[in-house]
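Student: Which chain is which? The protein sequence lines are A and B, in order. With our numbering applied, the first sequence corresponds to residues 1 to 142, in that order. With our numbering applied, the second sequence corresponds to residues 1 to 228, in that order.
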Amino acid sequence: MTEKVLLVDDEKDFLETLADRMRNRGMTVDTSTSAIEALKRIDTESYDAIILDLMMPGMDGLEALKLVKERRPELQVILLTGFGTLEKGIEAMKLGATDFVEKPADLETLTQKIKNAQAKKMILVEKQTEAKIRRIMKEKAW
Amino acid sequence: MNPLEKTEVDGLRFFGLISASISHEIKNVLAIISESAGLMEDLLLLAQKGGRLDLEKFQAVCQKVRRQTQRADEIIRNMNRFSHSVDQDVQRIDLNELVFLVKALSDRLAAMREISLEETRAGDAVWVTTNPFLLARQLWSCIDFAMSVATPEKKVQLLAADEPSHGCVMLRGLSHEDMPARLDALIGREASQLNLLGATLLAEADQGGIRLLIPKDLPHDGTGEKRR
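1) Under a Cβ-count criterion, where at least 16 other Cβ atoms within 10 Å of its own Cβ denotes burial, should L117(B) be classed as buried or exposed?
2) Taking Cβ-Cβ distances shorter than 9 angstroms, what residues in chain A pair up with H24(B)?
3) State the beta-bridge partners of A203(B) as determined by DSSP.
4) Please say whether L183(B) and A161(B) have beta carbons closer to each other than 8 angstroms?
5) For R172(B), list the residues DSSP reports as bridge partners.
6) Measure the beta-carbon distance from M79(B) to I22(B) and round it to whole angstroms, keeping in mind my assumption that it falls under 8 angstroms.
7) Please name the residues in the stretch 101-135 of chain B whose beta-carbon is closer than 8 angstroms to at least one beta-carbon of chain A, in chain order.
8) Starting from the C-beta of R21(A), find all residues in its chain whose C-beta is less than 8 angstroms away, skip the five residues before and the five after it, and write them out in chain order.
9) State yes or no: is the beta carbon of D13(A) nearer than 8 angstroms to at least one beta carbon in chain B?
10) Give, in chain order, every residue of the stretch 96-116 of chain A whose Cβ lies closer than 7 angstroms to some Cβ of chain B.
11) Beta carbons nearer than 9 angstroms to chain B: which residues of the stretch 14-35 of chain A have them?
12) Which partner residues of P49(A) appear in the DSSP bridge assignment?
13) Measuring straight from C-alpha to C-alpha, what distance separates L218(B) and L65(A)?
14) Using a beta-carbon distance below 8 angstroms, is K27(B) in contact with chain A?
15) Going along the stretch 43-75 of chain A in order, which residues come within less than 7 angstroms of chain B, judged by CB to CB distance?
16) Tell me whether the beta-carbon of A125(B) lies closer than 8 angstroms to the beta-carbon of D89(B).
17) How would you list, in chain order, the residues of chain A whose beta-carbon sits under 8 angstroms from the beta-carbon of A72(B)?
18) Give the secondary structure of G167(B) by DSSP, where H, G and I count as helix, E and B as strand, and everything else as coil.
19) What residue from E11(A), E3(A), T33(A), E102(A) has the CA that sits closest to R23(A)'s CA?
20) In terms of residue numbering, what span does the alpha helix (DSSP H) encompassing I93(B) cover?
21) With three or more C-beta pairs closer than 8 angstroms as the rule, is the stretch 24-31 of chain B touching the stretch 78-88 of chain A?
22) Quick check: what's the CA-CA separation for Q112(A) versus L6(A)?
23) From the beta carbon of L17(B), is the nearest beta carbon of chain A less than 8 angstroms away?
24) I want to know whether the stretch 54-73 of chain B touches the stretch 37-45 of chain B - three or more CB-CB distances under 8 angstroms.
25) Measure the Cβ-Cβ separation of Q157(B) and A199(B) and say whether it is below 8 angstroms.
26) Would you kindly check if the distance between the Cβ of K69(A) and the Cβ of L95(A) is under 8 angstroms?
27) Quick one, are the C-beta atoms of L171(B) and A146(B) less than 8 angstroms apart?
28) DSSP on T109(A), reduced to helix/strand/coil?
29) Can you look up F100(A) in the DSSP assignment and give me helix, strand or coil?
30) Keeping to the same chain, check which residues put their C-beta closer than 8 angstroms to that of I36(A); ignore five residues upstream and five downstream.
31) With a threshold of 8 angstroms on Cβ separation, who are the neighbours of K149(A) within its own chain once the five nearest residues in sequence on each side are excluded?
32) Note down, in chain order, each residue of its chain lying with its Cβ closer than 8 angstroms to the Cβ of R71(A), except the 5 sequence neighbours on either side.
33) Inspect the beta-carbon positions of S34(A) and D13(A) and report whether they are closer than 8 angstroms.
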């Protein structure tokens with residue numbers, strides 16, 4: 001199943017090049033140069049994973065992660081950073097990040113993490129659907 | 001902590017802040033170059049498997065690598081100039097050049113706060129004899145302050161100027177409301193450093209800015225000791 005990914009980074013050259021490489025590997029990729037733009041996209045589009053830069057002008061990756069998880073709890077977020085300190089990694093995981101990757105990222109590793117994120121999302125969506133069906137059956141029980 | 005120790009600690013913090021910012025920028029450049037190399041490999045692999053090599057795309061990637069290499073070169077050149085600002089306690093410098101350097105070093109930090117910095121040089125060189133590192137730190141402090149009180153337009157202008165007994169740096173694009181009180185607080189915190197530089201920081205509320213006056217000559221040896 002083709003993975004659908006949203007890439008978020010304020011460095012346009014990085015964004016375009018990585019998006020190109022991911023599309024060459026069969027992924028569907030959208031891009032945003034800011035967290036605000038990304039939040040608008042997730043309101044209307046469904047993604048298997050968001051690759052989110054930690055350091056961005058205005059709203060940074062951790063703030064954006066919090067808001068993404070509020071609006072779309074099933075959405076898997078992989079944080080990208082220039083310097084992955086242990087503290088930042090722990091903070092990111094506590095806020096619900098799926099993974100934490102240091103730039104420059106090895107694309108094969110990142111691709112595998114995206115596949116894992118997609119699988120995790122599918123499980124979450126299935127569970128949500130099951131819970132919804134049970135609720136409906138309980139309400140309509142006769 | 002006595003005032004001199006505080007100045008030293010503040011100086012180290014400033015050095016750390018700038019070093020960290022530079023390292024983040026260089027990491028970003030390396031990430032772009034790494035992905036570009038990867039994309040070139042992808043395109044060549046496609047061509048080896050019988051596909052057509054997209055020459056235009058390949059050329060565009062090469063140009064991207066060149067652009068980023070030039071960007072890294074500029075970052076490192078500024079880093080080198082900044083590192084050498086501690087070589088001597090007292091040095092005759094062109095204020096235009098120091099303002100240009102500190103502005104360049106501050107650009108990324110300003111961008112993170114969604115503020116743009118613009119620099120205007122004085123027509124001719126503005127020569128001052130001062131402690132270059134301390135003055136760079138003071139300029140950063142003024143820029144940091146200016147960004148905290150910038151108008152909604154989010155543009156801070158830095159202007160260097162020559163006055164009869166002072167070199168002068170003006171920062172414009174600041175809001176009038178909180179500025180004078182907050183500037184007083186800044187002057188209080190920076191008192192020992194301003195004293196070491198013999199510098200004066202003034203509000204120019206009617207012009208939406210502040211003015212840093214630097215004496216043309218330091219009365220001491222750059223560490224606070226009177227010159228013999």
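Ideal Cβ placement from N, Cα and C applies to all residues, glycine included. Owing to the predicted nature of the structure, the values given are computational and were not obtained by experimental measurement.
Tutor: If we stick to the structure as given:
1) For the purposes of this step, residue 117(B) is identified with residue 117 of the second sequence, where counting begins at 1. Counting Cβ neighbours within 10 Å, L117(B) comes out buried, since at least 16 surround it.
2) Locating residue 24(B) in the second sequence gives position 24, counting from the first residue. By Cβ distance, chain A contributes M55, G82, F83.
3) In the second sequence, counting from the first residue as 1, residue 203(B) sits at position 203. Partner(s): I210(B).
4) The residue given as residue 161(B) occupies position 161 in the second sequence. The residue given as residue 183(B) occupies position 183 in the second sequence. Taking 8 angstroms as the Cβ cut-off, A161(B) and L183(B) do not qualify as a contacting pair.
5) The count along the second sequence starts at 1 and reaches residue 172(B) at position 172. Per DSSP, Q157(B), G209(B).
6) Reading the second sequence from its first residue, position 79 is the one you call residue 79(B). Reading the second sequence from its first residue, position 22 is the one you call residue 22(B). About 5 angstroms separates the two Cβ atoms, so the contact holds.
7) A111, M112, R113, E114
8) Here residue 21(A) refers to the residue found at position 21 of the first sequence. Closer than 8 angstroms at Cβ, skipping near neighbours: L107.
9) Your numbering for residue 13(A) matches position 13 in the first sequence. Yes, D13(A) lies at the interface with chain B (some Cβ there is under 8 angstroms from its Cβ).
10) K103, P104, L107
11) F14, E16, T17, L18, D20, R21, N24, R25
12) Walking along the first sequence from the start, residue 49(A) turns up at place 49. A small correction: the amino acid at residue 49(A) is Ala; Pro does not occupy that position in the sequence shown. DSSP output for A49(A) lists V5(A), Q76(A) as bridge partner(s).
13) Mapped onto the second sequence, residue 218(B) falls at position 218. Mapped onto the first sequence, residue 65(A) falls at position 65. Rounded to the nearest angstrom, the two C-alpha atoms are 51 angstroms apart.
14) Translated into the one-based positions of the second sequence, residue 27(B) becomes position 27. Closer than 8 angstroms: yes.
15) M55, P57, G58
16) Locating residue 125(B) in the second sequence gives position 125, where the first residue counts as 1. Locating residue 89(B) in the second sequence gives position 89, where the first residue counts as 1. No, these two residues do not count as a Cβ contact at 8 angstroms.
17) Position 72 of the second sequence holds residue 72(B). Within 8 angstroms Cβ-Cβ: nothing; A72(B) doesn't reach chain A, min ~12 angstroms.
18) In the second sequence, residue 167(B) corresponds to position 167, counting from 1. Three-state result, G167(B): strand.
19) Working through the first sequence from its first residue, we reach residue 23(A) at position 23. Closest by alpha carbon: E3(A).
20) For the purposes of this step, residue 93(B) is taken as residue 93 along the second sequence, with counting starting at 1. First-last for I93(B): 91-94, but that is the beta strand (DSSP E), not the alpha helix (DSSP H).
21) yes
22) Stepping through the first sequence from its first residue, residue 112(A) is reached at position 112. Stepping through the first sequence from its first residue, residue 6(A) is reached at position 6. Approximately 16 angstroms, taken between the alpha carbons.
23) Here the question's residue 17(B) lines up with position 17 in the second sequence. False, the Cβ-Cβ gap to chain A never drops below 8 angstroms.
24) yes
25) Along the second sequence, read from residue 1 onward, the residue named residue 157(B) stands at position 157. Along the second sequence, read from residue 1 onward, the residue named residue 199(B) stands at position 199. No, these two residues do not count as a Cβ contact at 8 angstroms.
26) Here residue 95(A) corresponds to residue number 95 of the first sequence, with the count starting at 1. Here residue 69(A) corresponds to residue number 69 of the first sequence, with the count starting at 1. Yes; because the gap between Cβ atoms is below 8 angstroms, this pair is in contact.
27) For this step, residue 171(B) is matched to residue 171 along the second sequence. For this step, residue 146(B) is matched to residue 146 along the second sequence. Yes, the pair counts as a contact, with Cβ atoms nearer than the cut-off.
28) Taking the first residue of the first sequence as 1, we reach residue 109(A) at position 109. Three-state result, T109(A): helix.
29) Here the question's residue 100(A) lines up with position 100 in the first sequence. Strand.
30) In the first sequence, counting from the first residue as 1, residue 36(A) sits at position 36. Contacts found: G58, M59.
31) Any property of residue 149(A) remains undetermined from this structure, which presents chain A solely from 1 to 142.
32) By 1-based counting over the first sequence, the position of residue 71(A) is 71. Closer than 8 angstroms at the Cβ level, and outside the excluded window around R71(A), lie L39, I42, D43.
33) Translated into positions along the first sequence, residue 34(A) becomes position 34. Translated into positions along the first sequence, residue 13(A) becomes position 13. In this structure, D13(A) does not lie closer than 8 angstroms to S34(A) by Cβ.
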